[in-house]
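Following: one structure in C-alpha cells, then a few remarks.
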Amino acid sequence: MTTSDVLAGASLDSMVLKCVTCGRTHALDELRWRCGDCRGVLDLEGFTAVMANASALARRRPSLWRYAEALPVPEPAGITMGEGGTPLVPAPAKRGVFLKMDYLMPTGSFKDRGAVLVAALAERLGVRRMVADSSGNAGAAIAAYAARAGIVCDVYVPATTSAGKVAQLRAYGATVRQVDGTREDTAAAAALDADDPDVFYASHVYNPFFFHGTKTYVFELWEQFDGRLPGTLVLPAGNGTLVLGAYLGCRELLDQRLIDGLPRIVAVQAENCAPLAHAFNRGRAVSQAGAAGGTIAEGIAIARPARAEQIVAAVRATQGEIVTVAEPHIRAAHSALARAGLHVEPTAAVCWAAIQAFPERPAEAGDEIVAPLCGSGLKSKPPA
Ligand SMILES: *Cc1c(COP(=O)(O)O)cnc(C)c1O
Ligand SMILES: [Zn+2]
C-alpha cells in the first residue's frame, strides 16, 4: 500500500453513532454502546465506503485492509495480523456451491474481520480497558486484538462454553468471567460492566464498526467472482453479525454500481433456537419467540438477538429467507465436512446442513451458492 492510499482513509471526526430507533446521534468518544435516550441499537453515520479501483487493488496485500477506502478506520499497523483474504473452495459433491474458508483466520473464526476494526477504533479512542461477551469465538477475537493493542480485556462467557475456547481466551491474557445461566445472562453481565463510563464495550453485536469489518466477506467474494457476486449467500444467524455485515457490503457495492442487484441471503438458524426464523416466517415479534432449546450449534444459540429487526429486514430486502436445521442434520453435516477434510465446529456446519435441502440444479454463472466455514473444529467440543 502506498502512503497516499493510507491518507485517503476516513477521519473519525466526521462520524457519529446514530440510534436506529429514535435517530439521536452520539459522538464516538462518548463510548456509548446503545442509545442514551431509548436504548436502541446504534449504526455508524457520516462515513461513505469507496471501493478502490482494480489497478490499486492489484497492488495490495490479500488482507481485508486492501479495502482501506471502504473501512471507517485506517489499517492499525501494530494490530493487524493480515486477517481476511480467505480462500474459496468448491464444496464436496455439490455443483455450483462454494465454501469460504473463514476458519483460517488468526483466531480461528470469521469474528477476526470485525474484531480488528473494533480494536483499531478502541486504540484510536485511547481506551485503556474493554469488555466483551461471547459464546466463545467473538471473545477470542476481541481478546487477541486487545492483546495486540495493549488494552486490558475482560470477556464474559456462559459457564457452558467449550474448554478449548476458554483456554484460548486465557492464553491471550484476557480475564475470563464465566456466567451461570443463559447467553442472555452473560450479555447482561457484560453490559453492566460496560456501563462504567471509562470502559469500552467491544461488543460484536452493538458496535457498528464490527459490521464494517464483517462486510469484507462480501468484498472478497466480489473479487473472487471477478467483479460480481454469486446468486445466493447462505449465512449462519445468531446475532447476525455476518448476515448484517454481508448485507452492508452488498448495499455498498450496489450503491457504487459495482453489482447489478443484491444476492439472495439465506440465513440459517438451529431449529432448537430460531427466534429470527419465527419472526420472519410467522410475523411474530422476536421478544415473544420463546426460549431457546439446546443445540450443538453453540455459536448461534441466541434467544433474543439485539438487532433482530434489522436482520429480518435485511433478509427481506434481498428476497431471501430464514431457514432452520434440526440437530441430526447439523451433526450429519458436521461429520460430512470433516470427512471431506474440513474440520469445523458444529455451528459452522449449519449452512452446509441447510444446503442439503436445496433442490439440485445445474449451476450457471450468477446462480452459485456460497456459504462460509466460519469456525475451526480445533477448539470446539466434539458433538456428543
Ligand atoms: C459467531 C459465530 C456464528 C454466528 O454469528 P452471529 O453474528 O451470531 O450471527 C456462527 N458461526 C461461528 C463459528 C461463529 O463464531
Ligand atoms: Zn434512541
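In UniProt numbering, the protein residues as written are 1 to 384.
C-beta atoms are modelled at their ideal positions from N, C-alpha and C, and glycine is treated no differently.
Computed from a predicted structure; not experimentally measured.
Exercise for review: May I have the straight-line CA-CA distance separating residue 377 from residue 126, to the nearest angstrom?
Suggested key: Here residue 377 is taken as the residue at index 377 of the sequence shown, counted from 1. Here residue 126 is taken as the residue at index 126 of the sequence shown, counted from 1. Near 35 Å, if we compare the C-alpha coordinates of residue 126 and residue 377.
Review point. Taking a cut-off of 6 Å, which residues have a beta-carbon closer than that to any heavy atom of ligand 2, in chain order?
Key: 19, 21, 22, 24, 35, 37, 38, 40
Review point. So, do the segment 79-89 and the segment 101-115 have three or more beta carbon pairs nearer to each other than 8 Å?
Key: yes
Review point. Could you give the distance in angstroms between the alpha-carbon of residue 100 and the alpha-carbon of residue 318?
Key: If you number the sequence shown from 1, residue 100 lands on position 100. If you number the sequence shown from 1, residue 318 lands on position 318. C-alpha separation (whole angstroms): 20 Å.
Point to revise | residue 144, enclosing alpha helix (DSSP H) - first and last residue | key: As a first step, residue 144 is located in the sequence shown; it is residue number 144 there, counting from the start. Taken as a continuous stretch (DSSP letters only), the alpha helix (DSSP H) holding residue 144 covers 137-149.
Practice item. Report yes or no: do three or more beta-carbon pairs, one from the segment 365-377 and one from the segment 220-233, lie closer than 8 Å? Key: yes
Exercise for review: Write down every uninterrupted run of the beta strand (DSSP E) in the segment 241-311 whose length is 3 residues or greater and which is fully enclosed by it, in chain order.
Suggested key: 264-270
Check your understanding: Is the segment 174-183 touching the segment 199-214, taking contact as three or more C-beta pairs under 8 Å?
Key -> no
Point to revise | First and last residue of the uninterrupted alpha helix (DSSP H) at residue 171 | key: Within the sequence shown, numbered from 1, the residue matching residue 171 stands at position 171. That run of the alpha helix (DSSP H) goes 163-171.
Practice item. Just tell me which of 61, 66, 37 has its CA closest to the CA of residue 49. Key: Stepping through the sequence shown from its first residue, residue 49 is reached at position 49. It is 66.
Practice item. Name the residue from 11, 363, 137, 268 whose alpha carbon lies nearest to the alpha carbon of residue 70. Key: As a first step, residue 70 is located in the sequence shown; it is residue number 70 there, counting from the start. Nearest option by C-alpha distance: 11.
Check your understanding: Between residue 19 and residue 117, what straight-line distance do the alpha-carbon atoms span, to the nearest angstrom?
Key -> Here residue 19 corresponds to residue number 19 of the sequence shown, with the count starting at 1. Here residue 117 corresponds to residue number 117 of the sequence shown, with the count starting at 1. When rounded, the distance between both Cα atoms is 20 Å.
Point to revise | Closer than 7 Å: residue 111 CB and nearest ligand 1 heavy atom | key: For the purposes of this step, residue 111 is taken as the residue at position 111 of the sequence shown. Yes; taking the cut-off as 7 Å, the Cβ of residue 111 has a heavy atom of ligand 1 nearer than that.
Exercise for review: Report yes if the C-beta of residue 270 is less than 7 Å from at least one heavy atom of ligand 1; otherwise report no.
Suggested key: On the sequence shown, residue 270 is found 270 positions in, with the first residue counted as 1. No, ligand 1 has no heavy atom inside 7 Å of this Cβ.
Review point. Terminal residues of the continuous beta strand (DSSP E) containing residue 132?
Key: Start at 1 with the first residue of the sequence shown, and residue 132 comes out as number 132. First-last of the beta strand (DSSP E) with residue 132: 129-133.
Review point. Buried or exposed: residue 90, going by 16 or more other Cβ atoms within 10 Å of its Cβ?
Key: Mapped onto the sequence shown, residue 90 falls at position 90. Result: exposed.
Exercise for review: Keeping to the same chain, check which residues put their C-beta closer than 7 Å to that of residue 349; ignore five residues upstream and five downstream.
Suggested key: If you number the sequence shown from 1, residue 349 lands on position 349. 330, 333, 334, 337, listed in sequence order.
Check your understanding: From residue 310 to residue 88, what does the alpha carbon distance come to, in whole angstroms?
Key -> The sequence position of residue 310 within the sequence shown is 310, counting from 1. The sequence position of residue 88 within the sequence shown is 88, counting from 1. If you take the alpha carbons of residue 310 and residue 88, they lie about 28 Å apart.
Check your understanding: Got a sec? Which residues, its chain only, sit under 6 Å from residue 250 by beta carbon, not counting five neighbours each side?
Key -> Counting from 1 along the sequence shown, the entry for residue 250 is found at position 250. The answer, listed in chain order, is 218, 262.
Review point. Since residue 32 and residue 42 are thought to touch, with beta carbons under 8 Å apart, how far apart are those beta carbons, to the nearest angstrom?
Key: The residue given as residue 32 occupies position 32 in the sequence shown. The residue given as residue 42 occupies position 42 in the sequence shown. That belief holds up - the Cβ atoms of residue 32 and residue 42 are roughly 7 Å apart, short of 8 Å.
Check your understanding: Under the rule that 16 or more other beta-carbon atoms within 10 Å means buried, what is residue 298, buried or exposed?
Key -> Along the sequence shown, one-based indexing puts residue 298 at 298. Burial call: buried.
Review point. Would you report the Cα separation of residue 277 and residue 135, rounded to the nearest angstrom?
Key: Numbered from its first residue, the sequence shown carries residue 277 at position 277. Numbered from its first residue, the sequence shown carries residue 135 at position 135. When rounded, the distance between both Cα atoms is 20 Å.
Review point. Does DSSP classify residue 18 as helix, strand or coil?
Key: Taking the sequence shown and counting its residues from 1, the one referred to as residue 18 is at position 18. The answer is strand: DSSP assigns residue 18 an E or B state.
Review point. The alpha helix (DSSP H) spanning residue 42 covers which residue range?
Key: Counted from its first residue, the sequence shown places residue 42 at position 42. Where residue 42 is concerned, there is no enclosing alpha helix (DSSP H), although the beta strand (DSSP E) it sits in stretches over 42-45.
Practice item. Just tell me which of 188, 274, 137 has its CA closest to the CA of residue 170. Key: Locating residue 170 in the sequence shown gives position 170, counting from the first residue. The option with the nearest alpha carbon to residue 170 is 137.
**Study point:** Start-to-end residues for the beta strand (DSSP E) that takes in residue 86
**Key:** One-based indexing of the sequence shown puts residue 86 at position 86. First-last for residue 86: undefined, no H or E at that position.
Check your understanding: What are the start and end residues of the alpha helix (DSSP H) that includes residue 321?
Key -> As a first step, residue 321 must be located in the sequence shown, where it is residue number 321. Careful: residue 321 lies outside any alpha helix (DSSP H), inside the beta strand (DSSP E) at 321-325.
**Study point:** 7 Å CB neighbourhood of residue 40 in its chain, flanking five on each side removed
**Key:** The count along the sequence shown starts at 1 and reaches residue 40 at position 40. Only 19, 20, 21, 22, 34 meet the Cβ criterion.
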